[in-house]
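> One structure, pasted below without further comment.
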Amino acid sequence: MKLRISNGRVIDPSQNLDAVVDLFIEDHRIVAIGEAPLGFDDAEVVDATDKWVLPGLVDTAVALRDPGYSQKGTIASEGRAAVSGGVTTLVCPPNTKPIVDTPAVAALIQDKADEAGMANVFPIGALTQGLQGEQLSNMVALTDAGCVALSNHGRSLASNRVLSRALEYAATHDLLVVFHPDDPSLSEGGCAHEGVMSTMHGLAGIPETAETIALMRDLLLVEKSGVRAHFARLSCAKSVEMIANAKAAGLDVTCDVALHNLLLTDEVLKEFDGQFHVLPPLRSENDRLTLIEGLKTGVINAICSDHQPHEKMAKVAPFAATEPGMANVEVLLPLALRLMDEGDLELGQLLTALTYGPAACFGLEAGSLAVGSFADFVIFDSTEKWIWDQSTRKSKGSNSGFAGEQMIGRVCQTFISGQRVYTLN
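Just so you know, this note's numbering puts 1647 at position 300 of the sequence shown, and the rest follows in order with no gaps.
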(Lines of atoms letter the chains of each structure in order from A and count residues from 1; the text may use other names and numbers.)
(Lines give C-alpha, C1' and ligand atoms only; values in the text may rest on other atoms or scores of the structure.)
Protein backbone atom coordinates (compact mmCIF):
# COMPACT_ATOMS: atom_id res chain seq x y z
CA MET A 1 0.00 0.00 0.00
CA LYS A 2 1.24 3.48 -0.91
CA LEU A 3 0.38 6.63 1.00
CA ARG A 4 0.93 10.30 0.29
CA ILE A 5 0.51 12.65 3.23
CA SER A 6 -0.16 15.92 1.48
CA ASN A 7 0.25 19.60 2.42
CA GLY A 8 1.03 19.07 6.10
CA ARG A 9 3.60 20.94 8.16
CA VAL A 10 6.15 18.17 8.70
CA ILE A 11 8.08 18.72 11.94
CA ASP A 12 10.87 16.27 12.74
CA PRO A 13 13.59 17.37 15.16
CA SER A 14 15.73 14.35 14.29
CA GLN A 15 16.30 15.93 10.87
CA ASN A 16 15.92 19.59 11.87
CA LEU A 17 12.95 19.55 9.54
CA ASP A 18 10.06 22.00 9.79
CA ALA A 19 8.42 22.62 6.43
CA VAL A 20 5.22 22.13 4.47
CA VAL A 21 6.14 19.11 2.38
CA ASP A 22 4.60 15.80 1.35
CA LEU A 23 5.46 12.51 2.98
CA PHE A 24 5.51 9.26 0.99
CA ILE A 25 5.03 5.80 2.52
CA GLU A 26 5.42 2.36 0.99
CA ASP A 27 5.90 -1.10 2.50
CA HIS A 28 5.50 0.23 6.06
CA ARG A 29 8.34 2.75 5.75
CA ILE A 30 8.90 6.34 4.71
CA VAL A 31 10.40 6.30 1.24
CA ALA A 32 10.56 10.00 0.38
CA ILE A 33 9.96 13.52 1.68
CA GLY A 34 9.06 16.35 -0.70
CA GLU A 35 9.39 15.03 -4.24
CA ALA A 36 7.22 12.05 -5.16
CA PRO A 37 9.15 8.91 -6.12
CA LEU A 38 8.22 6.97 -9.24
CA GLY A 39 5.05 4.92 -9.09
CA PHE A 40 3.08 7.06 -6.65
CA ASP A 41 0.45 8.30 -9.10
CA ASP A 42 -2.08 5.82 -7.67
CA ALA A 43 -1.17 6.32 -4.00
CA GLU A 44 -3.87 6.99 -1.40
CA VAL A 45 -3.75 10.69 -0.52
CA VAL A 46 -4.29 11.90 3.04
CA ASP A 47 -4.84 15.66 3.15
CA ALA A 48 -3.03 17.26 6.11
CA THR A 49 -3.60 20.88 5.14
CA ASP A 50 -3.24 23.21 8.15
CA LYS A 51 -2.16 20.24 10.29
CA TRP A 52 1.14 19.17 11.80
CA VAL A 53 2.70 15.87 10.71
CA LEU A 54 4.88 14.60 13.54
CA PRO A 55 6.88 11.49 14.34
CA GLY A 56 4.87 9.15 16.54
CA LEU A 57 5.50 9.96 20.19
CA VAL A 58 7.64 7.60 22.26
CA ASP A 59 6.60 7.23 25.91
CA THR A 60 9.02 5.56 28.32
CA ALA A 61 6.49 5.02 31.13
CA VAL A 62 3.06 3.58 30.37
CA ALA A 63 1.61 1.10 32.86
CA LEU A 64 -0.73 -1.15 30.88
CA ARG A 65 -1.91 -3.01 34.03
CA ASP A 66 -2.07 -6.19 32.01
CA PRO A 67 -1.78 -9.00 33.00
CA GLY A 68 -3.23 -8.93 36.46
CA TYR A 69 -5.01 -5.61 37.03
CA SER A 70 -7.75 -5.48 34.44
CA GLN A 71 -9.94 -3.30 36.69
CA LYS A 72 -7.41 -0.52 36.11
CA GLY A 73 -6.55 -1.09 32.46
CA THR A 74 -5.75 -3.58 29.73
CA ILE A 75 -3.28 -3.67 26.90
CA ALA A 76 -6.18 -3.00 24.50
CA SER A 77 -7.67 -0.07 26.46
CA GLU A 78 -4.40 1.67 27.26
CA GLY A 79 -3.02 0.99 23.79
CA ARG A 80 -6.11 2.68 22.37
CA ALA A 81 -5.59 5.61 24.73
CA ALA A 82 -1.94 5.85 23.66
CA VAL A 83 -2.59 6.03 19.92
CA SER A 84 -5.43 8.51 20.44
CA GLY A 85 -2.78 10.73 22.01
CA GLY A 86 -0.27 10.17 19.21
CA VAL A 87 1.92 7.73 21.15
CA THR A 88 2.98 5.02 18.73
CA THR A 89 5.73 3.42 20.81
CA LEU A 90 5.60 2.80 24.53
CA VAL A 91 7.68 1.13 27.20
CA CYS A 92 5.81 -0.65 30.00
CA PRO A 93 7.06 -1.55 33.49
CA PRO A 94 7.52 -5.05 34.92
CA ASN A 95 5.14 -4.72 37.90
CA THR A 96 2.31 -6.72 36.39
CA LYS A 97 0.76 -9.84 37.95
CA PRO A 98 2.64 -12.06 37.37
CA ILE A 99 5.81 -9.97 37.37
CA VAL A 100 7.73 -9.76 34.09
CA ASP A 101 10.53 -11.98 35.39
CA THR A 102 10.14 -14.83 32.89
CA PRO A 103 10.25 -14.85 29.09
CA ALA A 104 6.71 -16.26 29.07
CA VAL A 105 5.22 -13.14 30.67
CA ALA A 106 7.21 -10.86 28.37
CA ALA A 107 5.96 -12.84 25.37
CA LEU A 108 2.37 -12.71 26.66
CA ILE A 109 2.43 -8.90 26.85
CA GLN A 110 3.81 -8.59 23.33
CA ASP A 111 1.34 -11.14 21.94
CA LYS A 112 -1.56 -9.23 23.50
CA ALA A 113 -0.19 -5.98 22.09
CA ASP A 114 0.06 -7.51 18.62
CA GLU A 115 -3.50 -8.78 18.94
CA ALA A 116 -4.76 -5.34 20.02
CA GLY A 117 -3.06 -3.78 16.99
CA MET A 118 -2.47 -0.44 18.65
CA ALA A 119 0.86 0.97 19.84
CA ASN A 120 4.23 -0.74 19.59
CA VAL A 121 4.78 -2.16 23.09
CA PHE A 122 8.20 -2.85 24.60
CA PRO A 123 8.26 -4.40 28.08
CA ILE A 124 10.89 -3.86 30.75
CA GLY A 125 11.97 -7.04 32.51
CA ALA A 126 12.44 -7.46 36.25
CA LEU A 127 16.00 -7.01 37.47
CA THR A 128 15.43 -9.48 40.29
CA GLN A 129 13.05 -12.40 40.64
CA GLY A 130 9.61 -11.19 41.69
CA LEU A 131 11.11 -7.70 42.12
CA GLN A 132 12.11 -8.93 45.57
CA GLY A 133 15.69 -7.65 45.38
CA GLU A 134 17.25 -10.97 46.35
CA GLN A 135 17.86 -13.33 43.42
CA LEU A 136 18.82 -12.00 40.00
CA SER A 137 16.42 -12.66 37.14
CA ASN A 138 17.50 -14.35 33.94
CA MET A 139 18.30 -11.03 32.30
CA VAL A 140 19.61 -12.41 29.03
CA ALA A 141 16.55 -14.63 28.54
CA LEU A 142 14.25 -11.67 29.23
CA THR A 143 16.15 -9.55 26.71
CA ASP A 144 15.96 -12.34 24.14
CA ALA A 145 12.20 -12.42 24.76
CA GLY A 146 11.87 -8.75 23.79
CA CYS A 147 12.51 -6.78 26.99
CA VAL A 148 14.33 -3.55 26.18
CA ALA A 149 15.72 -3.01 29.67
CA LEU A 150 15.76 -4.38 33.21
CA SER A 151 14.48 -2.64 36.32
CA ASN A 152 13.39 -3.27 39.90
CA HIS A 153 10.72 -0.61 39.27
CA GLY A 154 10.52 1.50 42.37
CA ARG A 155 11.47 -1.27 44.74
CA SER A 156 14.89 -0.19 45.92
CA LEU A 157 17.33 -3.02 46.49
CA ALA A 158 18.23 -3.14 50.18
CA SER A 159 21.48 -4.96 49.45
CA ASN A 160 24.18 -2.97 47.70
CA ARG A 161 25.96 -6.26 47.03
CA VAL A 162 22.99 -7.68 45.11
CA LEU A 163 22.60 -4.45 43.14
CA SER A 164 26.31 -4.33 42.35
CA ARG A 165 26.28 -7.91 41.08
CA ALA A 166 23.17 -7.23 39.01
CA LEU A 167 24.78 -4.21 37.37
CA GLU A 168 28.03 -6.04 36.70
CA TYR A 169 26.12 -8.88 35.05
CA ALA A 170 24.05 -6.44 32.98
CA ALA A 171 27.20 -4.58 31.92
CA THR A 172 28.84 -7.82 30.81
CA HIS A 173 25.95 -8.39 28.40
CA ASP A 174 25.52 -4.70 27.45
CA LEU A 175 22.01 -4.54 28.92
CA LEU A 176 20.23 -1.32 29.90
CA VAL A 177 19.16 -0.93 33.53
CA VAL A 178 16.40 1.50 34.55
CA PHE A 179 16.60 3.07 38.00
CA HIS A 180 13.87 4.71 40.08
CA PRO A 181 16.03 6.42 42.69
CA ASP A 182 14.34 6.25 46.07
CA ASP A 183 15.55 5.55 49.59
CA PRO A 184 12.56 3.86 51.29
CA SER A 185 13.93 4.60 54.74
CA LEU A 186 13.28 8.26 53.95
CA SER A 187 10.21 8.02 51.71
CA GLU A 188 8.19 5.23 53.31
CA GLY A 189 4.81 6.43 54.45
CA GLY A 190 5.17 9.74 52.63
CA CYS A 191 2.71 11.03 50.08
CA ALA A 192 3.80 14.60 49.29
CA HIS A 193 6.88 16.76 48.90
CA GLU A 194 8.35 17.58 52.30
CA GLY A 195 7.84 21.31 52.63
CA VAL A 196 5.51 24.05 53.77
CA MET A 197 2.47 22.69 51.92
CA SER A 198 2.73 19.16 53.32
CA THR A 199 3.23 20.55 56.82
CA MET A 200 0.23 22.89 56.51
CA HIS A 201 -2.01 20.05 55.41
CA GLY A 202 -0.70 17.44 57.80
CA LEU A 203 0.62 15.16 55.07
CA ALA A 204 3.65 12.94 55.59
CA GLY A 205 6.47 14.41 53.53
CA ILE A 206 8.99 12.83 51.19
CA PRO A 207 12.26 14.80 51.33
CA GLU A 208 14.35 15.45 48.23
CA THR A 209 17.11 13.42 49.89
CA ALA A 210 15.00 10.29 49.46
CA GLU A 211 15.75 10.68 45.76
CA THR A 212 19.23 12.18 45.82
CA ILE A 213 20.80 9.78 48.32
CA ALA A 214 19.56 6.82 46.29
CA LEU A 215 20.67 8.53 43.09
CA MET A 216 24.19 9.05 44.44
CA ARG A 217 24.45 5.38 45.41
CA ASP A 218 23.18 4.28 42.02
CA LEU A 219 25.57 6.56 40.14
CA LEU A 220 28.55 5.28 42.12
CA LEU A 221 27.62 1.68 41.28
CA VAL A 222 26.99 2.61 37.63
CA GLU A 223 30.47 4.12 37.51
CA LYS A 224 31.97 1.02 39.12
CA SER A 225 30.18 -1.45 36.84
CA GLY A 226 30.17 0.50 33.57
CA VAL A 227 26.53 -0.46 32.96
CA ARG A 228 24.27 1.54 30.65
CA ALA A 229 21.75 3.29 32.91
CA HIS A 230 18.52 5.21 32.55
CA PHE A 231 17.12 7.16 35.50
CA ALA A 232 13.36 7.40 35.49
CA ARG A 233 11.12 10.22 36.72
CA LEU A 234 13.57 12.65 38.28
CA SER A 235 11.73 15.16 40.43
CA CYS A 236 14.16 17.57 42.09
CA ALA A 237 16.78 20.16 41.21
CA LYS A 238 19.69 18.41 42.91
CA SER A 239 19.09 15.29 40.81
CA VAL A 240 19.47 17.30 37.61
CA GLU A 241 22.81 18.62 38.85
CA MET A 242 23.98 15.10 39.76
CA ILE A 243 23.03 13.67 36.35
CA ALA A 244 24.76 16.57 34.61
CA ASN A 245 27.95 15.84 36.56
CA ALA A 246 27.69 12.14 35.76
CA LYS A 247 27.35 12.84 32.05
CA ALA A 248 30.27 15.26 32.17
CA ALA A 249 32.34 12.53 33.81
CA GLY A 250 31.61 10.20 30.90
CA LEU A 251 29.04 7.87 32.45
CA ASP A 252 26.64 6.26 29.97
CA VAL A 253 23.46 7.59 31.58
CA THR A 254 20.17 9.03 30.37
CA CYS A 255 17.07 10.18 32.24
CA ASP A 256 13.46 11.27 31.91
CA VAL A 257 10.92 13.36 33.76
CA ALA A 258 7.16 12.95 34.15
CA LEU A 259 5.16 15.66 32.42
CA HIS A 260 3.15 16.49 35.53
CA ASN A 261 6.37 17.38 37.38
CA LEU A 262 7.01 20.00 34.69
CA LEU A 263 3.53 21.51 34.84
CA LEU A 264 2.58 21.34 38.52
CA THR A 265 4.09 21.97 41.95
CA ASP A 266 3.15 21.07 45.50
CA GLU A 267 1.00 24.21 45.55
CA VAL A 268 -1.84 22.02 44.26
CA LEU A 269 -1.87 20.24 47.62
CA LYS A 270 -4.06 23.05 48.94
CA GLU A 271 -6.89 21.41 47.01
CA PHE A 272 -6.32 18.21 49.01
CA ASP A 273 -7.31 16.28 45.89
CA GLY A 274 -6.04 12.71 45.58
CA GLN A 275 -5.84 13.13 41.81
CA PHE A 276 -2.57 14.97 42.49
CA HIS A 277 -1.12 12.15 44.58
CA VAL A 278 1.83 10.96 42.48
CA LEU A 279 5.20 9.36 43.19
CA PRO A 280 7.72 10.85 43.07
CA PRO A 281 5.69 13.77 44.41
CA LEU A 282 5.07 17.16 42.87
CA ARG A 283 7.82 19.34 44.30
CA SER A 284 8.69 23.04 44.57
CA GLU A 285 8.68 25.73 41.89
CA ASN A 286 12.48 25.76 41.97
CA ASP A 287 12.52 22.03 41.28
CA ARG A 288 10.05 22.45 38.41
CA LEU A 289 12.08 25.21 36.78
CA THR A 290 15.33 23.30 37.18
CA LEU A 291 13.78 20.24 35.53
CA ILE A 292 12.75 22.44 32.58
CA GLU A 293 16.27 23.87 32.41
CA GLY A 294 17.58 20.30 32.36
CA LEU A 295 15.52 19.65 29.25
CA LYS A 296 16.81 22.81 27.59
CA THR A 297 20.44 21.87 28.20
CA GLY A 298 20.01 18.21 27.23
CA VAL A 299 20.72 16.84 30.70
CA ILE A 300 17.22 15.36 30.72
CA ASN A 301 16.62 13.30 27.59
CA ALA A 302 12.90 12.63 27.61
CA ILE A 303 9.46 13.59 28.84
CA CYS A 304 7.10 10.76 29.71
CA SER A 305 3.44 10.60 30.72
CA ASP A 306 4.10 8.24 33.66
CA HIS A 307 0.69 6.85 32.77
CA GLN A 308 -0.76 4.90 35.70
CA PRO A 309 -4.47 4.20 35.24
CA HIS A 310 -6.65 3.45 38.26
CA GLU A 311 -10.27 2.59 38.80
CA LYS A 312 -12.44 5.36 40.26
CA MET A 313 -12.43 4.02 43.83
CA ALA A 314 -8.63 4.11 44.00
CA LYS A 315 -8.84 7.90 44.26
CA VAL A 316 -11.96 8.15 46.44
CA ALA A 317 -10.29 8.49 49.83
CA PRO A 318 -8.35 11.01 51.90
CA PHE A 319 -5.24 12.16 50.00
CA ALA A 320 -2.71 9.91 51.75
CA ALA A 321 -4.93 6.83 51.37
CA THR A 322 -5.38 7.17 47.60
CA GLU A 323 -3.27 5.18 45.17
CA PRO A 324 -0.58 7.31 43.50
CA GLY A 325 -0.48 8.07 39.80
CA MET A 326 -2.17 9.89 36.92
CA ALA A 327 -3.43 8.55 33.61
CA ASN A 328 -2.45 11.17 31.02
CA VAL A 329 -1.04 9.32 28.02
CA GLU A 330 -3.86 10.41 25.71
CA VAL A 331 -3.27 14.11 26.38
CA LEU A 332 0.53 13.95 26.53
CA LEU A 333 0.98 16.20 23.51
CA PRO A 334 -1.53 19.00 24.23
CA LEU A 335 -0.40 19.11 27.86
CA ALA A 336 3.26 19.22 26.82
CA LEU A 337 2.55 22.07 24.41
CA ARG A 338 1.59 24.20 27.43
CA LEU A 339 5.32 24.34 28.16
CA MET A 340 5.84 25.98 24.78
CA ASP A 341 2.86 28.30 25.18
CA GLU A 342 4.25 29.46 28.54
CA GLY A 343 7.68 30.10 27.01
CA ASP A 344 9.43 27.34 28.95
CA LEU A 345 10.55 25.28 25.92
CA GLU A 346 10.81 25.78 22.18
CA LEU A 347 8.81 23.48 19.92
CA GLY A 348 11.91 21.62 18.70
CA GLN A 349 13.14 21.01 22.25
CA LEU A 350 9.73 19.77 23.30
CA LEU A 351 9.25 17.39 20.37
CA THR A 352 12.79 16.06 20.74
CA ALA A 353 11.98 15.06 24.32
CA LEU A 354 8.79 13.31 23.14
CA THR A 355 10.13 11.49 20.08
CA TYR A 356 13.68 10.53 19.21
CA GLY A 357 15.05 11.57 22.61
CA PRO A 358 13.24 8.78 24.49
CA ALA A 359 13.74 6.40 21.56
CA ALA A 360 17.50 6.89 21.81
CA CYS A 361 17.44 6.22 25.56
CA PHE A 362 16.11 2.71 24.92
CA GLY A 363 17.74 2.05 21.56
CA LEU A 364 14.42 1.94 19.73
CA GLU A 365 13.96 2.45 16.01
CA ALA A 366 11.29 5.12 16.48
CA GLY A 367 10.70 8.82 16.85
CA SER A 368 11.90 9.90 13.40
CA LEU A 369 10.44 10.57 9.95
CA ALA A 370 13.75 10.07 8.15
CA VAL A 371 13.65 8.17 4.87
CA GLY A 372 13.91 4.47 5.67
CA SER A 373 12.23 4.81 9.07
CA PHE A 374 9.08 2.95 9.99
CA ALA A 375 6.09 5.09 9.06
CA ASP A 376 4.93 5.81 12.60
CA PHE A 377 3.48 9.31 12.52
CA VAL A 378 0.71 11.57 13.77
CA ILE A 379 -1.49 14.16 12.08
CA PHE A 380 -2.19 16.84 14.68
CA ASP A 381 -4.46 19.86 14.72
CA SER A 382 -2.52 22.34 16.85
CA THR A 383 -5.40 24.80 17.18
CA GLU A 384 -8.44 22.69 18.03
CA LYS A 385 -9.90 23.42 21.46
CA TRP A 386 -11.70 20.61 23.26
CA ILE A 387 -12.63 19.41 26.73
CA TRP A 388 -10.99 16.26 28.03
CA ASP A 389 -13.66 14.55 30.12
CA GLN A 390 -15.28 11.16 30.53
CA SER A 391 -16.99 11.48 27.14
CA THR A 392 -13.68 11.94 25.31
CA ARG A 393 -11.44 9.75 27.49
CA LYS A 394 -10.10 6.52 25.99
CA SER A 395 -8.17 5.10 28.95
CA LYS A 396 -9.87 2.76 31.36
CA GLY A 397 -8.32 4.83 34.14
CA SER A 398 -10.34 7.79 35.36
CA ASN A 399 -7.58 9.45 37.37
CA SER A 400 -5.99 12.75 36.36
CA GLY A 401 -5.55 16.16 37.85
CA PHE A 402 -6.17 17.58 34.36
CA ALA A 403 -9.57 15.95 33.80
CA GLY A 404 -12.26 18.39 32.75
CA GLU A 405 -9.80 20.97 31.46
CA GLN A 406 -9.75 22.53 28.02
CA MET A 407 -7.03 21.19 25.77
CA ILE A 408 -5.55 23.07 22.82
CA GLY A 409 -4.38 20.73 20.08
CA ARG A 410 -5.77 17.32 19.18
CA VAL A 411 -4.58 14.22 17.37
CA CYS A 412 -6.61 13.67 14.20
CA GLN A 413 -5.00 10.48 12.90
CA THR A 414 -2.28 8.08 14.04
CA PHE A 415 -0.38 5.71 11.78
CA ILE A 416 1.89 2.82 12.72
CA SER A 417 4.05 1.26 9.99
CA GLY A 418 1.89 3.10 7.48
CA GLN A 419 -1.35 1.62 8.83
CA ARG A 420 -4.01 3.93 10.24
CA VAL A 421 -4.71 2.84 13.83
CA TYR A 422 -6.67 5.85 15.05
CA THR A 423 -8.97 8.43 13.50
CA LEU A 424 -10.72 11.17 15.46
CA ASN A 425 -14.46 10.63 15.21
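Using N, Cα and C, we set each Cβ at its ideal position, and we do this for glycine too.
Note that the structure is predicted; figures quoted are calculated from it, not measured.
In or out: A1663 buried (at least 16 other Cβ within 10 Å) or exposed?
Position check: residue 1663 holds Val in this sequence, whereas Ala was assumed. So V1663 ends up on the exposed side.
> So who's on the other strand from M1673, going by DSSP bridges?
H1654, per the DSSP bridge assignment.
> Cβ atoms of E1658 and R1741: under 8 Å apart, would you say?
The residue you asked about is not Arg; residue 1741 is Lys in the sequence shown. Not a contact, by the Cβ cut-off of 8 Å.
> Do V1344 and A1593 have their CB atoms nearer than 8 Å?
The requested residue 1344 does not occur in the structure, where the chain is confined to residues 1348 to 1772.
> Quick one: is V1543 buried, meaning 16 or more other Cβ sit within 10 Å of its Cβ, or exposed?
Exposed, since its Cβ has fewer than 16 Cβ neighbours within 10 Å.
> Is the beta carbon of A1408 closer than 8 Å to that of A1579?
Yes.
> Please name the residue or residues paired with L1523 in a DSSP beta bridge.
According to DSSP, which records beta bridges pairwise, L1523 is partnered with R1575.
> Quick one: give me the first and last residue of the alpha helix (DSSP H) that M1544 is part of.
From DSSP, the alpha helix (DSSP H) with M1544 extends over V1543 to M1547.
> My guess is that V1495 and F1469 are in contact by the Cβ rule of under 8 Å, so how many angstroms apart are they, rounded?
The pair is a contact, with the Cβ atoms about 5 Å apart (cut-off 8 Å).
> In whole angstroms, give me the CA-to-CA distance for D1728 and V1438.
Approximately 26 Å, taken between the alpha carbons.
> With H, G and I counted as helix, E and B as strand and the rest as coil, what does DSSP make of S1361?
Note: S1361 maps to helix in three-state DSSP.
> What are the partner residues of P1402, as DSSP defines its beta bridges?
Its beta-bridge partners are F1724.
> Could you pull out every residue in the same chain whose Cβ sits closer than 7 Å to the Cβ of T1699, ignoring the five residues on either side in sequence?
Cβ within range, chain order: P1360.
> What span of residues does the alpha helix (DSSP H) with T1761 cover, start to end?
Careful: T1761 lies outside any alpha helix (DSSP H), inside the beta strand (DSSP E) at Q1753 to I1763.
> Can you tell me which of I1377, M1547, Y1769 and L1629 puts its alpha carbon nearest to the alpha carbon of E1558?
It is L1629.
> Considering just the uninterrupted stretch of the alpha helix (DSSP H) at A1492, what are its terminal residues?
A1492 -> no alpha helix (DSSP H), and no H or E assigned at all.
> Please specify which runs of the alpha helix (DSSP H), each continuous and at least 4 residues long, are wholly inside the segment 1434–1478, giving them in chain order.
If we require 4 residues or more, the alpha helix (DSSP H) runs fully inside the segment 1434–1478 come out as 1450–1463.
> Which residue's Cα is closest to the Cα of L1567: L1510, E1535 and L1550?
Residue L1510 is the option with its Cα nearest to L1567.
> Let me make sure I understand the geometry here. Which of G1573, A1674 and L1497 has the alpha-carbon closest to that of L1606?
Checked all of G1573, A1674 and L1497; the closest Cα to L1606 is A1674.
> Considering only DSSP beta bridges, list what E1373 is partnered with.
Note: E1373 sits in a beta bridge opposite K1349 and R1376.
> For T1396 and G1756, what's the separation of their Cα atoms in angstroms?
So the alpha carbons of these two residues sit roughly 15 Å apart.
> What are the boundary residues of the alpha helix (DSSP H) that T1421 is part of?
First-last for T1421: undefined, no H or E at that position.
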